[in-house]
Amino acid sequence: MIKALVTDFFKSPHPGVHKKQLYQQFLEMHHDVTISYSYFCEVAKTVTSKRTIRTGAADCNIKKLSAILIERSILKINYKNTFSIDEKPFIPKKFNLKSMYVPKNYKGGIYKPIFHSCNLPPLYIIVMINRYGIISYATSYEPFNTLTFNCFLMNNIELFGRNSERKYFLFDNATFHKLMDETKDLAATKNISFTYTSPNSCFLDPIEEVFSIINEIFIKKYYAKILNEKKIAPLNKETMKQMICESIEEASRNFTIFYHRACL
């Protein structure tokens, strides 16, 4: 009976917190059950597996998908009138490559100087895109919060004229993506509405692919610099920021790859 209760407890996904916290949650749900922590872990091990959380259609909430599509169809939300907004930290220690393609007659060393840059702080970027490319972006060495997020929204709302066609700003359900009254009032004057991605999914939101494109361009630019100079080229805060901004602008200019990878 106790094993069945634990099995039933794990029928739905749980955040990857420590099992002691899950154990406490289980005890709170079943006050009349006596079970040791070790036995709880033993049963949990047989009925669960740890999975990395991913974004994208693979984790789309399928049960709600049809309702979402119908709702957006009724509201005429599409990528002709939708602008996606999201933010991402660029962390130097994650920029390392395990291999590179070089000419067959290349005799120089292949350096991995990115390890010399691991102590650099992350650079946070926030981007707004539509189907034609990157409309605007901002960078910060501090994580974005509700205030800075709303400031970014208001700056972009100002780009549009009054009484224009209906537009939608699309973003995910991050805790700081709360709209301030000033933002709502300004958006109303420009015929702009706000919509959120479906739970646990960035379905119909291509901006994650855009960040992937930016990251790829940055890595190629950085390693091209190393090959050209044939020496270690350590980054600092300013050079990293400059190269990331160049990568963002290059991603926007390359309309073909942007449209096919992010909007189709």
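Mapping of the sequence shown onto this note's numbering: position 141 corresponds to residue 1483, and the numbering continues sequentially without gaps.
Here a beta-carbon is modelled for each residue, glycine too, at the ideal position from N, C-alpha and C.
Beta-carbon spacing of residue i, residue j below 8 Å
{"i": "alanine 1593", "j": "valine 1552", "result": "yes"}
{"i": "glutamate 1429", "j": "phenylalanine 1486", "result": "yes"}
{"i": "isoleucine 1427", "j": "phenylalanine 1518", "result": "no"}
{"i": "lysine 1525", "j": "asparagine 1492", "result": "In the sequence as presented, lysine is not what sits at residue 1525; that position holds threonine. Yes, Cβ-Cβ distance for threonine 1525 and asparagine 1492 is below 8 Å."}
{"i": "valine 1375", "j": "threonine 1349", "result": "no"}
{"i": "tyrosine 1483", "j": "leucine 1465", "result": "yes"}
{"i": "isoleucine 1534", "j": "phenylalanine 1502", "result": "yes"}
{"i": "arginine 1504", "j": "asparagine 1423", "result": "no"}
Contacts around residue i, its chain only, beta-carbon distance under 6 Å, and the 5 residues preceding and following it disregarded
{"i": "glutamate 1588", "result": "none"}
{"i": "lysine 1520", "result": "Thr1488"}
{"i": "tyrosine 1379", "result": "Tyr1365"}
{"i": "lysine 1562", "result": "none"}
{"i": "lysine 1361", "result": "Cys1383"}
{"i": "isoleucine 1377", "result": "Ile1344"}
{"i": "phenylalanine 1368", "result": "Phe1351"}
{"i": "glutamine 1530", "result": "Residue 1530 is actually alanine in this sequence, not glutamine. Cβ neighbours of alanine 1530 beyond the five flanking positions: none."}
Spatial neighbours of residue i in its chain, beta-carbon cut-off 7 Å, leaving aside the 5 residues before and after
{"i": "serine 1554", "result": "none"}
{"i": "isoleucine 1556", "result": "Ser1589, Ile1590 and Ala1593"}
{"i": "leucine 1347", "result": "His1372 and Val1375"}
{"i": "isoleucine 1433", "result": "Pro1464"}
{"i": "phenylalanine 1494", "result": "Ile1468 and Ala1480"}
{"i": "glutamate 1370", "result": "none"}
Residues near residue i in its chain [Cβ-Cβ closer than 8 Å; skip 5 each side]
{"i": "leucine 1528", "result": "Met1496, Ile1499 and Glu1500"}
{"i": "arginine 1396", "result": "Confidence at arginine 1396 is low in this model, with a pLDDT of 39, below 50, so the placement of that residue is unreliable and no value is reported for it."}
{"i": "tyrosine 1381", "result": "Ile1344"}
{"i": "serine 1506", "result": "Lys1532 and Asn1533"}
{"i": "lysine 1583", "result": "Leu1465 and Thr1481"}
Top-ranked residue by Cα proximity to residue i, from the options
{"i": "leucine 1462", "options": "Pro1431, Leu1347 and Asn1533", "result": "Pro1431"}
{"i": "lysine 1579", "options": "Thr1481, Lys1562, Asn1505 and Met1522", "result": "Thr1481"}
{"i": "methionine 1522", "options": "Glu1558, Gln1363, Cys1383 and Thr1490", "result": "Thr1490"}
{"i": "alanine 1386", "options": "Ile1377, Gln1363, Phe1352 and Lys1362", "result": "Phe1352"}
{"i": "arginine 1595", "options": "Gly1475, Ser1506 and Cys1383", "result": "Gly1475"}
Expected contact under 8 Å - CB spacing of residue i and residue j to nearest Å
{"i": "phenylalanine 1425", "j": "isoleucine 1477", "result": "7 Å"}
{"i": "isoleucine 1586", "j": "isoleucine 1467", "result": "7 Å"}
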